[in-house]
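For reference, the structure discussed in these notes is given below.
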Amino acid sequence: DTGVSQDPRHKITKRGQNVTFRCDPISEHNRLYWYRQTLGQGPEFLTYFQNEAQLEKSRLLSDRFSAERPKGSFSTLEIQRTEQGDSAMYLCASSFSGGASYEQYFGPGTRLTVT
Amino acid sequence: TQLLEQSPQFLSIQEGENLTVYCNSSSVFSSLQWYRQEPGEGPVLLVTVVTGGEVKKLKRLTFQFGDARKDSSLHITAAQPGDTGLYLCAGGRNAGKSTFGDGTTLTVKP
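Sequences listed follow chains B and S, in order.
Position 70 of the first sequence, counted from 1, bears residue number 70 in the numbering used here, the numbering being contiguous throughout.
Here the numbering used here runs 115 ahead of the position in the second sequence, where the first position is 1.
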């Protein structure tokens, strides 16, 4: 399967702990996006990378959130000192910057539950 | 903030019925995507529309982009239980970033 993969699929953590999620994009895609989705809502943009450069971060992304894409391939999203309000589905997507660059292909998501 | 409003929020119909769901905005988008999402999974891309007035068909699904590129509709003919899911529209303006609506949850009963 050459689609977008995310790991883990589910994460349960206690409030105050740090968590890290990984995303592996489609190999030929140079853009990678992170979104957050809560129940009853559409995906909410968090940040995106073109190659290894982080080009945009949402104002909603607090200082507790950090994302990296060190070699322009996989990416990690870390949440420090988790809060109950961080419970959500975290989605990763990738695209190719040429052509129809808004066509984003999503992974299966990581479901985070903060207790 | 560029908002995409989707309607209706929920739709429950019988197998074989036709339906239309809508995606509206006050902003102009370079392109608009429709996705379908099942519970616990990521959205799956269905189609991209780019040109004002464009109509695209995908089997029993017909997508239309408004002339002013501010709105779109999705029409499903003879709905089947397998069409059940959350239908999301997303609009692109700036390079890379897309804005999503909150979706229409469709239930097709056998």
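From the three backbone atoms N, C-alpha and C, an ideal C-beta is built for every residue, glycine too.
Proximity below 8 Å, CB of SER145 of chain S to CB of LEU118 of chain S: In this structure, LEU118 of chain S does not lie closer than 8 Å to SER145 of chain S by Cβ.
Helix, strand or coil at GLN179 of chain S according to DSSP, with G and I counted as helix: Three-state result, GLN179 of chain S: strand.
THR199 of chain S - partner residues in DSSP beta bridges: For THR199 of chain S, which the question treats as bridged, DSSP gives no partner whatsoever.
Buried versus exposed call for ASP182 of chain S [16 or more other C-beta atoms within 10 Å across all chains shown]: Counting Cβ neighbours within 10 Å, ASP182 of chain S comes out exposed, since fewer than 16 surround it.
Between the CA atoms of LYS185 of chain S and PRO108 of chain B - distance to the nearest angstrom: Rounded to the nearest angstrom, the two C-alpha atoms are 29 Å apart.
CA nearest to the CA of SER122 of chain S, picked from S:LEU189, S:GLY207, S:GLY206 and S:THR214: Considering only alpha carbons, the answer is S:LEU189.
Neighbour-count burial assignment, PHE125 of chain S, 16 or more Cβ in a 10 Å radius: For PHE125 of chain S, the number of other beta carbons within 10 angstroms of its own is below 16, and it is reported as exposed.
Three-state secondary structure assigned by DSSP to ASP217 of chain S: The answer is coil: DSSP assigns ASP217 of chain S none of H, G, I, E or B.
Which of helix, strand or coil DSSP assigns to GLY85 of chain B: Helix, per DSSP.
beta-carbon THR47 of chain B near the ligand ATP non-hydrogen atom, thresh 7 Å: In the structure shown, the ligand ATP is absent, as is every other ligand, since no ligand is present at all.
With 16 other Cβ atoms within 10 Å as the buried cut-off, status of THR226 of chain S: Residue numbering for chain S in the displayed model covers 116 to 225; residue 226 of chain S lies beyond these limits and cannot be assessed.
Pick from S:ARG151, S:ALA193, S:CYS204 and S:GLU132 that is closest to SER187 of chain S, judged by C-alpha positions: Ranking the options by Cα distance to SER187 of chain S, first place goes to S:CYS204.
Reference PRO168 of chain S; option with closest CA among S:PHE178, S:LYS174 and S:LYS224: Sequence check: residue 168 of chain S is Gly here, not Pro. The shortest C-alpha separation from GLY168 of chain S is found at S:PHE178.
Beta-carbon proximity check, SER58 of chain B vs LEU46 of chain B, cutoff 8 Å: Their beta carbons are under 8 Å apart, which means SER58 of chain B touches LEU46 of chain B by this criterion.
Limits of the unbroken beta strand (DSSP E) element including LEU147 of chain S: Start and end: 146-152.
Residues near GLU52 of chain B in its chain [Cβ-Cβ closer than 7 Å; skip 5 each side]: Taken in chain order, the residues that qualify are ARG69, PRO70, LYS71 and GLY72.
Where the stretch 84-112 of chain B meets chain S: residues whose CB sits under 9 Å from a CB there: The stretch 84-112 of chain B vs chain S, Cβ under 9 Å: MET89, LEU91, CYS92, ALA93, SER95, SER97, ALA100, SER101, TYR102, GLU103, GLN104, TYR105, PHE106, GLY107, PRO108, GLY109 and ARG111.
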